[in-house]
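These notes concern the structure reproduced below.
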Amino acid sequence: MADMMWLLQRLKAMSVPEVCWRLTQKVIQKNEERCFGATKLAVTETLFNSKLSALSADVDRFKLEFSNTDYSLSDSIHLLGGYSYEEYKKKWNAGFQTNNCWPNKFSYALEYKQRDDIGDARTNWELNRHFQFALLAKNYYASKDEKYLKEFRELFLDWNEKNPFLHGISWTSVMEVAIRLSNWSYALVFLKKSPNTPKEILRQLEIGIINMTDYVAHHYSRYSSANNHLIVEAFSIGQSGILFNYTPWIELATSILTREFPLQNYEDGVNKELSLHYQSFYMEAVGLMMRLMVKNNIMVPEEWYSWLSKMSRYMSDCIGKYGEIVEFGDNDEGKILDLEGSHFNHYKYVLGMMSCLLENTYIPTDKFCENLHWLFSKTELDNACQKPIQRKKSISCYRTGGNTILRSHDESVLIGIDHAELGFGSIAAHGHADALSFQMYVKGKSLFVDPGTYIYHCDLRSRDEFRKTINHNTVCVDGKDQSEMKGAFLWGKRASSRIVKLLEDNERVIVGVSHDGYAPLCVERTYEYNCSNQLIIKDCLDKNETSNGSIFSIQFVLGNDFLISNVNGNIIEILDSEQCVHIRMEICSSTSLEIRIIDKELSKNYGEKRSTQCVLIKGNLDKAVNVVTTIICEEN
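Numbering (our numbering), first residue to last: -4 to 631.
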């Protein structure tokens, strides 16, 4: 019954053209099942589309910096959830969260969502994106050590034997195929430039890349599913087009990416998914494509520069002096390229790339990640450091995109305020019910934080918990969410937020915001910041006939860098772990309040969670309510 309800809600989110397109896709899938369902062919075994038989890779078109000497030789990759790569590197169908494995059945018939009996598909996909293939190929090229070629060959052959085309968990998502073929492409480029690479391996890589690109070109996301997935899929098609000098793929990718800029992004540079991570993921895909176009003298549409400049400015504003980052919405740590195998900072990598491609520098460039040393020459990286750097202001208000960033004059305090829409399109897949919430960092340490994402495709209770209003730094009424969850990536009725006041002078900033998620009850919140050490939050809830007997709560979820040291009535003392920063919270109200310290769950990394403290304020809505919370930061 739950599955049927989800299906009905999902259909409601589709237009008539989308339903028609999905029916067409079903016909294509049936034809593919007739071709590949019974005969389990490796994607490297033979070319599936004879019309592409003339294609041949020209690895020089990738324009990598083969003289680069700034590299590492890690032979393992970072897996989500803290799982050991050495333990899982050949467990291609592992469930991870359980000891069970994904069945090697035809992929279109494999249900992978909310499979508590097996595990989280997203965790498995990280292994099957094949960052390790590009990494090992790079290691072999850079070191000439045969052990890396041997390891690559062993894993490559093992994967193709155990993961035939369109069978198993590796083939359930078109975007996963896109990221995989991208990593195979980098592996091919490095191995073709290396000595002693078996010609059969090179041949199989080429066939696999062509087959996967052709598959993505026939199945790329559209309509309500056309979010970051479409961008990554289009990039992979375009990258292959450049690698094989195949104009139809280049033109298809360029047209999609150009069309999607205004559809998926607000005019002020905020991505409509309202997730900083997915904005970075989007920008990585477009940036990698743009780099290839520039270096191969392919005209880049002028609007790309304008859009990416605005998007880079916003993302840069979300990063503080100490590297702290204001992140709202989902974050599954997705990336496209990783030539070092570590858990590197994706935002700094992408902004470093944009600093090379655009007219400004968007982040201090004292050290570039390894990806950029292979993608850009030393001269290009040096030039990026000399470009004008974006200056940070005390207030950066993105009215259309729906986020406001505040910072102290000395940049020791960073505050992010969410007054955005829930998410993108008819399903708002990666949104959280966190309207009017805020995050606050002091000297780079997380004081009040977003709870994170934790998990996607299993443990639905936890998936929901990390998106619920009650677990964010905002107001909640009767324990209900501001917006209505209909599935793990599907929303029904949504709260709408807006700015009602914005004032700024030399001494303070005032940001007034409201939302209608509890209509007819009006929820308003005002942030007053002195651009130094004091933040005042005023919450106003108007009483109406429907609110009699209602209970409101206000949450302040602490990051793991701070602990509550003392509670004395309405005054709460908080210290950082090193006892260098002292925070004083004073809570005043027009009504009696209950103030408690409770435990909440926090997920800083995908697939991992831990306990943290939360200041919980509760009261009755028997009359109009005003709650004023004053937060003062002091050095001990």
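Where is the CB? At the ideal position from N, CA and C, for every residue including glycine.
Residue 538 beta carbon less than 9 Å from that of residue 475: By one-based count along the sequence shown, residue 475 stands at place 480. By one-based count along the sequence shown, residue 538 stands at place 543. No, the pair does not count as a contact, with Cβ atoms beyond the cut-off.
Separation of residue 508 from residue 533, as counted between CA atoms: Here residue 533 refers to the residue found at position 538 when the sequence shown is read from its first residue. Here residue 508 refers to the residue found at position 513 when the sequence shown is read from its first residue. Spanning the two alpha carbons is a distance of roughly 10 Å.
Identified DSSP bridge partners for residue 598: Numbered from 1 along the sequence shown, position 603 holds the residue referred to as residue 598. Bridge partners of residue 598: 447.
Meets three-Cβ-pair contact criterion under 8 Å: the segment 205 to 220 and the segment 163 to 175: Touching, yes, given that three or more Cβ pairs across the two stretches are closer than 8 Å.
For residue 421 and residue 13, the rounded distance between their alpha carbons: Taking the first residue of the sequence shown as position 1, residue 13 is located at position 18. Taking the first residue of the sequence shown as position 1, residue 421 is located at position 426. Cα to Cα, residue 13 sits roughly 12 Å from residue 421.
Check whether residue 400 and residue 391 have beta carbons under 9 Å apart: For this step, residue 400 is matched to residue 405 along the sequence shown. For this step, residue 391 is matched to residue 396 along the sequence shown. Yes. Within cutoff.
Residue ranges of each alpha helix (DSSP H) within the segment 11 to 77, 4 or longer: 11 to 31
Reference residue 530, options 624, 548, 498, closest by Cα: On the sequence shown, position 535 is the one that residue 530 refers to. Nearest option by C-alpha distance: 624.
Reduced DSSP category for residue 609 - H, G, I as helix; E, B as strand; rest coil: For the purposes of this step, residue 609 is identified with residue 614 of the sequence shown, where counting begins at 1. Strand.
Inter-residue Cα distance where the pair is residue 402 and residue 605: As a first step, residue 402 is located in the sequence shown; it is residue number 407 there, counting from the start. As a first step, residue 605 is located in the sequence shown; it is residue number 610 there, counting from the start. Rounded to whole angstroms, residue 402 to residue 605 spans 28 Å at the Cα level.
For residue 352 and residue 286, the rounded distance between their alpha carbons: Here residue 286 is taken as the residue at index 291 of the sequence shown, counted from 1. Here residue 352 is taken as the residue at index 357 of the sequence shown, counted from 1. Those two C-alpha atoms are separated by around 7 Å.
Residue closest to residue 369, alpha-carbon to alpha-carbon, out of 37, 8, 57: Position 374 of the sequence shown, counted from the first residue, corresponds to residue 369. Minimum Cα distance to residue 369 is reached at 57.
Among 602, 254, 358, 397, nearest to residue 381 - alpha-carbon criterion: Locating residue 381 in the sequence shown gives position 386, counting from the first residue. Closest option to residue 381, Cα to Cα, is 358.
Backbone secondary structure at residue 99 - three-state DSSP: Here residue 99 is taken as the residue at index 104 of the sequence shown, counted from 1. Coil, per DSSP.
For residue 351, three-class secondary structure by DSSP: Walking along the sequence shown from the start, residue 351 turns up at place 356. Correct three-state label for residue 351: helix.
Contact check, residue 54 vs residue 207, beta carbons under 9 Å: Along the sequence shown, read from residue 1 onward, the residue named residue 54 stands at position 59. Along the sequence shown, read from residue 1 onward, the residue named residue 207 stands at position 212. Cβ distance not < 9 Å, so residue 54 and residue 207 don't count as in contact.
Cβ-Cβ distance between residue 611 and residue 443 below 9 Å: Locating residue 611 in the sequence shown gives position 616, counting from the first residue. Locating residue 443 in the sequence shown gives position 448, counting from the first residue. Result no, Cβ atoms of residue 611 and residue 443 do not sit closer than 9 Å.
C-beta atoms of residue 128 and residue 178 nearer than 9 Å: Translated into the one-based positions of the sequence shown, residue 128 becomes position 133. Translated into the one-based positions of the sequence shown, residue 178 becomes position 183. Cβ distance < 9 Å, so residue 128 and residue 178 count as in contact.
Continuous alpha helix (DSSP H) stretch holding residue 286: start and end: Counting from one through the sequence shown, the residue named residue 286 turns up at place 291. Its alpha helix (DSSP H) spans residues 271 to 290.
Cβ contact (3+ pairs, closer than 8 Å) linking the segment 577 to 588 and the segment 492 to 507: no
Residue 276 versus residue 560: straight-line alpha-carbon distance, rounded: Here residue 276 is taken as the residue at index 281 of the sequence shown, counted from 1. Here residue 560 is taken as the residue at index 565 of the sequence shown, counted from 1. Taking the straight line joining both Cα atoms gives about 39 Å.
Pairwise C-alpha distance: residue 510 and residue 32: To locate residue 32, count along the sequence shown from 1; it is residue 37. To locate residue 510, count along the sequence shown from 1; it is residue 515. So the two alpha carbons sit approximately 50 Å from each other.
Cβ neighbours of residue 603 in the same chain (closer than 8 Å, five flanking residues each side left out): Within the sequence shown, residue 603 is the residue found at index 608, counting from 1. Cβ within range, chain order: 76, 77, 449.
Rounded Cβ spacing between residue 550 and residue 468 (contact assumed at less than 8 Å): In the sequence shown, the residue the question calls residue 550 occupies position 555. In the sequence shown, the residue the question calls residue 468 occupies position 473. About 6 Å; that satisfies the 8 Å criterion.
Expected contact under 8 Å - CB spacing of residue 184 and residue 334 to nearest Å: Numbered from 1 along the sequence shown, position 189 holds the residue referred to as residue 184. Numbered from 1 along the sequence shown, position 339 holds the residue referred to as residue 334. That pair is no contact at about 11 Å.
Nearest residue (CA-CA) to residue 445, options 472, 326, 378: On the sequence shown, position 450 is the one that residue 445 refers to. For residue 445, the nearest C-alpha among the options comes from 326.
C-beta contact flag for residue 281 and residue 252 at 9 Å: Here the question's residue 281 lines up with position 286 in the sequence shown. Here the question's residue 252 lines up with position 257 in the sequence shown. Yes, these two residues count as a Cβ contact at 9 Å.
Residue 435 classed as buried or exposed, judged by whether at least 16 other C-beta atoms fall within 10 angstroms: Position 440 of the sequence shown, counted from the first residue, corresponds to residue 435. Buried, since its Cβ has 16 or more Cβ neighbours within 10 Å.
Every unbroken beta strand (DSSP E) inside the segment 225 to 250 [3 residues or more]: none
Where the alpha helix (DSSP H) containing residue 469 begins and where it ends: The sequence position of residue 469 within the sequence shown is 474, counting from 1. That residue, residue 469, is in no alpha helix (DSSP H); it is neither H nor E in DSSP.
Where residue 368 falls: helix, strand or coil (DSSP): As a working note, residue 368 is residue 373 in the sequence shown. Residue state, collapsed to three classes: helix.
Terminal residues of the alpha helix (DSSP H) in which residue 126 lies: Counting from 1 along the sequence shown, the entry for residue 126 is found at position 131. Segment 126 to 138, the alpha helix (DSSP H) holding residue 126.
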